[in-house]
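Peer 1: Residue numbers (the UniProt record's numbering), protein chains in the order written: chain C, 1 to 495; chain P, 1 to 495.
2 protein chains.
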Amino acid sequence: MEQWQGPTAAGEPARDGGERSGSAGEALELEKELQQGAKKPFTEVIRANIGDAQAMGQKPITFLRQVSALCMFPDLLKDPNFPEDAKEKARRLLAACGGHSIGAYSVSPGIELIRQDVAHFIERRDGGIPSRAENIFLSTGASDAIVTILKLLVSGEGRSRTGVMIPIPQYPLYSAALAELNAVQINYYLDEDKCWALDIGELRRALKDARQHCQPRALCIINPGNPTGQVQSRQHIEDVIRFAWEEQLFLLADEVYQDNVYAEGSQFHSFKKVLFEMGPKYSGSVELASFHSISKGFMGECGFRGGYMEVINMDPLVQQQLSKLISVRLCPPVTGQVLLDVVVNQPQPGDPSYQQFCQEKQAVLSSLAQKAQLTEETFNRAPGIRCNPVQGAMYAFPRVHLPPQAVQEAQALGQAPDMFFCLKLLEETGICVVPGSGFGQKEGTFHFRMTILPPLEKLKVVLQKMSQFHAKFTQEYSQLQLLGNSQKTAEKQGQ
Amino acid sequence: MEQWQGPTAAGEPARDGGERSGSAGEALELEKELQQGAKKPFTEVIRANIGDAQAMGQKPITFLRQVSALCMFPDLLKDPNFPEDAKEKARRLLAACGGHSIGAYSVSPGIELIRQDVAHFIERRDGGIPSRAENIFLSTGASDAIVTILKLLVSGEGRSRTGVMIPIPQYPLYSAALAELNAVQINYYLDEDKCWALDIGELRRALKDARQHCQPRALCIINPGNPTGQVQSRQHIEDVIRFAWEEQLFLLADEVYQDNVYAEGSQFHSFKKVLFEMGPKYSGSVELASFHSISKGFMGECGFRGGYMEVINMDPLVQQQLSKLISVRLCPPVTGQVLLDVVVNQPQPGDPSYQQFCQEKQAVLSSLAQKAQLTEETFNRAPGIRCNPVQGAMYAFPRVHLPPQAVQEAQALGQAPDMFFCLKLLEETGICVVPGSGFGQKEGTFHFRMTILPPLEKLKVVLQKMSQFHAKFTQEYSQLQLLGNSQKTAEKQGQ
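1. The region 258-278 of chain P: which residues have C-beta closer than 8 Å to a C-beta of chain C, in chain order?
2. The region 53-74 of chain C: which residues have C-beta closer than 7 Å to a C-beta of chain D, in chain order?
3. May I have the straight-line CA-CA distance separating G392/C from S293/C, to the nearest angstrom?
4. For the alpha helix (DSSP H) that contains L251/C, what are its first and last residues?
5. Between the alpha carbons of L207/P and V407/C, how many angstroms are there, rounded?
6. What residues from chain C crowd round P333/P, counting only those whose CB sits closer than 8 Å?
7. Under 9 Å between the Cβ atoms of S175/C and I166/C?
8. Counting C-beta neighbours from all protein chains within 10 Å, is the total for H470/P 16 or more, i.e. buried, or is it exposed?
9. Give a yes or no on contact between the region 67-82 of chain P and the region 65-72 of chain C, applying the rule of three or more CB pairs nearer than 8 Å.
10. Tell me the residue span of the alpha helix (DSSP H) that contains R234/C.
11. I'd like the list of long-range same chain contacts for T140/C, defined as Cβ closer than 8 Å, with 5 residues on each side in sequence excluded.
12. Leaving out five residues before and five after S327/P in sequence, what residues of the same chain have Cβ atoms less than 7 Å from its Cβ?
13. Is the Cβ of D85/P closer than 9 Å to any Cβ of chain C?
14. With a CB to CB cut of under 6 Å and the five nearest residues on each side skipped, what residues in its chain are close to I168/C?
15. Could I get the ranges of all uninterrupted alpha helix (DSSP H) runs contained in the region 188-221 of chain C, with 4 residues as the minimum, in chain order?
16. Identify every run of the beta strand (DSSP E) within the region 100-162 of chain C, keeping only runs that are complete inside it and at least 3 residues long; order them along the chain.
17. Using only the alpha-carbon positions, how far apart do A183/C and E427/P sit?
18. At the level of alpha carbons, what is the spacing between F291/C and I146/C?
19. For Y477/C, which three-state DSSP category applies?
20. What's the gap between the Cα of A444/P and the Cα of E476/P?
21. Just checking: is the beta-carbon of L94/C within a distance shorter than 9 Å of some beta-carbon in chain P?
22. Check whether the region 75-87 of chain P and the region 36-46 of chain C are in contact - that is, three or more C-beta pairs closer than 8 Å.
23. Would R217/P count as contacting chain C if we go by Cβ distances under 9 Å?
24. For T43/P, which residues of its own chain have a beta-carbon under 8 Å away from its beta-carbon, when the five flanking residues on both sides are left out?
25. Can you tell me the Cα-Cα spacing of G25/P and Q320/C, whole angstroms?
26. Mapping DSSP to helix, strand and coil, what is G392/C?
27. Report the residue ranges of all alpha helix (DSSP H) runs contained in full by the region 256-321 of chain C; include only those spanning at least 4 residues, in chain order.
28. In angstroms with no decimal places, state the Cα-to-Cα distance between A27/P and K371/P.
29. Could you please tell me which residues of the region 158-188 of chain P, in chain order, have their CB closer than 7 Å to any CB of chain C?
30. List, in order along the chain, the chain P residues whose C-beta lies closer than 7 Å to that of A104/C?
31. On the DSSP bridge list, what partners appear for C432/C?
32. What did DSSP end up calling R92/C once you bin it into helix, strand or coil?
33. Name the chain P residues whose beta carbon is nearer than 7 Å to that of L144/C?
34. Less than 6 Å between C-beta atoms, sequence neighbours within five positions excluded: which residues of the same chain meet that for A412/C?
35. Distance, Cα to Cα, G51/P vs V256/P?
36. Since I114/P and L138/P should fall inside the 8 Å C-beta cutoff, what is the C-beta to C-beta distance between them, to a whole number of angstroms?
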């Protein structure tokens, strides 16, 4: 195993980008201290560091849990309080389980019926472009599937090591998995000045540089973006596909936020759909794996660890290896598979649960849209903070100006300057966000990632507090700077 | 990624030992053909190939599912049909979840409360020897934890590659994980003539040989044994610990069958307990990771993918790396964590569910004990089959005599002879078992692994059919041999 750098090593993200370490570890400590009655300038720790909707109070969608509870404890099938369509779905799913129980293993790629349902879901989503169950692999959350595909693609030593292109800023699963697999991480930078758009020129530059020292083989795209919240335009996706075709790169499309699109004029386009609409030249040859999850969207069922990937144009022998690879861990959690099935096979008009389901789903998504806008607007009113529109996903990734004196003090402590800022923020306000250095960013720029998940009223307060804190932080360190300067002047004059 | 050999490559087990491929793939095909109305010499395929109790009709333990259903759909907390102790457990667990929901991520090592409950469970099991929550890591089934620990231990290239000692026959997760990690698999053979006992002399031999070409660093023990069903004596465990101490090997104790001990005079001894009873010389220095799972025992909840490991005497810096390593996949399924909690924290005398819980648990375990004995006895009555006592776990691993003519025919087909036998068995009887070559066995010996999980009456029939099939198979191939011999004689005479 390779040794990893800690979260404070310059430029090196923690394995989890600090979601779970650094400021998050500190947050846990603070919570314990509060519980033990310690006096703090705040009464609760607000975890805006991780995309965990239900931890922030989002209620589970009733229908998803009803079907799951019926599968969990089939005696409930006799309970008149459960709606008939939930029972019907549960019966159908149980009939597809070994021994009619979710306690049996499924086959390694997941329950056949659910893979079919996923394929039908993809077909509907993509306007009828065919999808086949044999190309669907259910997974233990999207992370599991992403790591599996990377494992499959990566090989070699020295100059023949596999290179994988990832966006910067990125979701740190990628850097962590690549380090673990001894692959080369090839950074391509998203364009902050253009709403974190993908630039083909930048892809070319990154690829050309990388070819000097490794074998680039794959290109990862996160759309909608994490941590950056942009939604790629159809044109950009076409460009990426053309680029992948020209350079014979395997495409990994991380599309777990496909339901989370808020901005007017933004729309989710799946890589699969765009690929097929570009005609057989591309759709017959570009290798693609796309990923989805039940942890995000309107469901936010992170704890279930459910997801799937679809592979397109994979060499049949490689796909056989993929099947072997996933068989080691036996099967993804069946509870997650079952819940995924309800997500891809939702109540239809006329079903007893249809109305309630739609209302709950819509309430979650429109609340997120409202919070996305509020977040952007509030940050952009604050001097020294600049925030791109949160077009999708669940995060804002604003850029913050940090006074030179603060940067120096952080460096003297061996901390990344934005980690220094985030820790101070946490200590003074109880608000936990992730420093941009955990995701990668252009040299000399500073950011943090914050989820838009706190309930609206709480989010308003959080955003106010953060803006005020940044103003105070900036003022204090600028005064220090002035003080330092005047001291220097005084010393000079005294000489 | 390394290329793996297929299941039929001589001596090389499939990644899943054929549980899921080879004969299991064939079984799936046969099932489909039967469903489509094809005529076969049997009416159903019986999957005795995989340790999946509920797939074989074992009913889930009511209390486990009640608590899980309450956590899944907390509205049920108002339902008078659920017992009060189940509700109390569910409330306690929900209070420990982010946002009081099993849909939130847990921290990566698992919910703190459940880790504490696991530690208390281990203390009770081991007669009071202390266990600490910080050394407990919840996992996605035991396989996940085993692969994680191997990943942590393995490094190097060429002669400095890490070697890991595993029993032969073994559970093929080990060979698959070691191949994937580019580690050296060091085989030590269990002694079939002594009920698959572990022999220290054999451990020494294997280690000495391995030191010529790699760096042995760890020793895996499966107790009770899979696929071999033996339960190691306390004396043997002491010997192993002493050996590990002398040779500075990290011990991996796969104890997922700790509740599955049937034979009179056999008893489960945890490595942890024996280690601590051997005094501070050993308990203060031997590094140990032990594994448990909710997939086996009396619960058989394979689909939930729950389990834990406890690490002992791990270097604090290594344990930090372990924490980082597990953070990549975010967290084990919370549904599995919750169910695990009920397993380690069972109803107590006086609780409303106590009696029913004990009855159900006892019914499963005594039925398994009965089936273990039946299996051994029936096989040992069949000429050409010899079966060690099934002291524990869920499998018989009988040795079968295969006529030389059958061995030759298999080899001509490029099949392992026991794979050839198992495929014929499947085609003629619908019974699916795993060839011994999937687990490793002494050169020139042939076995198969069969679960004892089918319901008693069905198991009786299965065992009869298998004995009859083996007799017929032996007779047919012996006649072929005679025929071949007499043809040769006739040819010679005709010359």
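No residue lacks a Cβ here, since even glycine has one placed at the ideal position from N, Cα and C.
Peer 2: Working from what's here:
1. Across the region 258-278 of chain P, no CB contact with chain C closer than 8 Å is found for any residue.
2. No chain D is part of this structure, whose protein chains are labelled C and P.
3. Translated into the one-based positions of the first sequence, residue 392/C becomes position 392. Translated into the one-based positions of the first sequence, residue 293/C becomes position 293. About 16 Å.
4. Along the first sequence, read from residue 1 onward, the residue named residue 251/C stands at position 251. Note, L251/C: premise wrong, no alpha helix (DSSP H); beta strand (DSSP E) at 250-254.
5. Residue mapping note: residue 207/P aligns to position 207 of the second sequence, counting from 1. Residue mapping note: residue 407/C aligns to position 407 of the first sequence, counting from 1. Looking at the backbone, the Cα of L207/P and that of V407/C are separated by about 54 Å.
6. Position 333 of the second sequence, counted from the start, is the residue given in the question as residue 333/P. In chain order: T140, G303, F304, R305, P333, T335, G336.
7. Against the first sequence, residue 175/C aligns to sequence position 175. Against the first sequence, residue 166/C aligns to sequence position 166. Judged by beta-carbon spacing, I166/C lies within the 9 Å limit of S175/C, meaning their Cβ atoms are closer than that value.
8. Locating residue 470/P in the second sequence gives position 470, where the first residue counts as 1. It counts as buried.
9. With the rule of 3 Cβ pairs closer than 8 Å, the region 67-82 of chain P counts as touching the region 65-72 of chain C.
10. Position 234 of the first sequence, counting from 1, holds the residue named residue 234/C. Unbroken alpha helix (DSSP H) run through R234/C: 234-247.
11. Numbered from 1 along the first sequence, position 140 holds the residue referred to as residue 140/C. Result list for T140/C: R305, G306, G307, R329, P332, P333, G336, in chain order.
12. By one-based count along the second sequence, residue 327/P stands at place 327. Around S327/P: S108.
13. Reading the second sequence from its first residue, position 85 is the one you call residue 85/P. Output row for D85/P: interface = no.
14. For the purposes of this step, residue 168/C is taken as residue 168 along the first sequence, with counting starting at 1. Taking I168/C as the centre and dropping the five residues before and after it, the same chain places the C-beta of N187, Y189, G440 closer than 6 Å to its C-beta, in chain order.
15. For secondary structure counted as the alpha helix (DSSP H) over 4 or more consecutive residues, the region 188-221 of chain C holds these complete runs in sequence order: 200-211.
16. Runs found: 136-139.
17. Here residue 183/C corresponds to residue number 183 of the first sequence, with the count starting at 1. Here residue 427/P corresponds to residue number 427 of the second sequence, with the count starting at 1. For A183/C and E427/P, the distance between alpha carbons rounds to 45 Å.
18. Walking along the first sequence from the start, residue 291/C turns up at place 291. Walking along the first sequence from the start, residue 146/C turns up at place 146. Looking at the backbone, the Cα of F291/C and that of I146/C are separated by about 7 Å.
19. Sequence index remark: in the first sequence, residue 477/C carries index 477 (1-based). For Y477/C, the three-state secondary structure derived from DSSP is helix.
20. Position 444 of the second sequence holds residue 444/P. Position 476 of the second sequence holds residue 476/P. In the sequence on display, residue 444/P carries Gly and not Ala. In a straight line, the C-alpha of G444/P is about 21 Å away from that of E476/P.
21. Within the first sequence, numbered from 1, the residue matching residue 94/C stands at position 94. Interface criterion not met: the Cβ of L94/C is under 9 Å from no Cβ in chain P.
22. The region 75-87 of chain P vs the region 36-46 of chain C: no contact.
23. Position 217 of the second sequence, counted from the first residue, corresponds to residue 217/P. The beta carbon of R217/P sits no closer than 9 Å to any beta carbon of chain C.
24. One-based indexing of the second sequence puts residue 43/P at position 43. Within the same chain, T43/P has close Cβ partners L34, G430.
25. Position 25 of the second sequence, counted from the first residue, corresponds to residue 25/P. Position 320 of the first sequence, counted from the first residue, corresponds to residue 320/C. Going by the C-alpha atoms only, they are around 13 Å apart.
26. For the purposes of this step, residue 392/C is taken as the residue at position 392 of the first sequence. The answer is strand: DSSP assigns G392/C an E or B state.
27. 271-277, 280-283, all fully within the region 256-321 of chain C.
28. The count along the second sequence starts at 1 and reaches residue 27/P at position 27. The count along the second sequence starts at 1 and reaches residue 371/P at position 371. When the Cα atoms are used, A27/P and K371/P turn out to be separated by approximately 23 Å.
29. Interface annotation for the region 158-188 of chain P against chain C: L173, A176, A177, criterion Cβ-Cβ distance under 7 Å.
30. What you label residue 104/C is simply residue 104 of the first sequence in a count that begins at 1. What A104/C touches in chain P: D52, Q54, A55, C302, G303.
31. In the first sequence, residue 432/C corresponds to position 432, counting from 1. DSSP lists R47/C as the bridge partner or partners of C432/C.
32. In the first sequence, counting from the first residue as 1, residue 92/C sits at position 92. In the three-state reduction of the DSSP assignment, R92/C falls in the helix class.
33. Counted from its first residue, the first sequence places residue 144/C at position 144. It should be pointed out that residue 144/C corresponds to Asp in this sequence rather than to Leu. Simply R329.
34. Residue 412/C sits at position 412 when you count from the first residue of the first sequence. Annotation for A412/C: no residue places its beta carbon closer than 6 Å to its own, counting only its chain and skipping 5 residues before and after.
35. Taking the first residue of the second sequence as position 1, residue 51/P is located at position 51. Taking the first residue of the second sequence as position 1, residue 256/P is located at position 256. When only Cα atoms are considered, G51/P and V256/P end up about 12 Å apart.
36. Counting from 1 along the second sequence, the entry for residue 114/P is found at position 114. Counting from 1 along the second sequence, the entry for residue 138/P is found at position 138. The C-beta distance from I114/P to L138/P rounds to 6 Å, short enough to meet the 8 Å contact threshold.
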